[in-house]
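Residue numbers (our numbering): 1 to 195.
Take a look at the structure:
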């Protein structure tokens, strides 16, 4: 019983730390955030922070890793299930659902003090699958053309995600996913008739 109680307290403490951290990241770069400031904002003492994390960067790394794992888990069944394989609507919906669930980190990723490395890791999660799928669907296109198309689409998706986040993620994930799918499919003609 005691372990269960401690686990609950640890989860609550880490949640308070995460929320306080992501709130601070909206207002200043990570280099300007001190453990004292974060601890005060979370309502804990510095010793409690150091019980869970070595420093601010270890906290960021844990949050990023959790998000990447969750992102991969959200995409895995969509990318590997043969009945859904290549179903862009389901893939987009899975992506937007994961982003909405992690809205605190998403706000940080596209904000003034953003983390370009995390955004890059998220984009690369499905890159190989997309390139292989497009190559099988569009045999006339070269790998280089497909890579350029992926870069074009992923950059456009970043802009779309940024706009969605700036508007408070008010559009339902299904609607923004359908919109994304339509935009991608409108541009995919490039691969059918490469230069």
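Using N, Cα and C, we set each Cβ at its ideal position, and we do this for glycine too.
Here DSSP, grouped into helix, strand and coil, assigns residue 184 to helix. Residue 54 carries a coil assignment under DSSP once its states are collapsed to helix, strand and coil.
Residue 95 sits away from residue 68, with the two beta carbons spaced by 9 Å or more.
Looking at 32, 175, 38 and 107, the one whose alpha-carbon comes closest to that of residue 14 is 38. Per DSSP, the unbroken alpha helix (DSSP H) holding residue 145 starts and ends at 143–166. The beta carbon of residue 147 is closer than 8 Å to those of 131 in its chain, skipping five residues each way along the sequence. Residue 185 sits exposed, since fewer than 16 C-beta atoms from the chains shown fall within 10 Å of its C-beta. The straight-line gap separating the alpha-carbon atoms of residue 60 and residue 140 is approximately 43 Å. If you draw a straight line from the Cα of residue 153 to the Cα of residue 182, it is about 12 Å long. Exclusion of the five residues before and after residue 43 leaves 16 as the residues of its chain whose Cβ lies within less than 7 Å of its Cβ. Only residues of its own chain outside the window of five on either side were considered, and among them 89, 92, 93 and 96 have a CB closer than 7 Å to the CB of residue 177, listed in chain order.
Distance between residue 165 and residue 62, taken at the CA atoms: about 22 Å. Residue 163 and residue 127 have their C-alpha atoms spaced approximately 22 Å apart.
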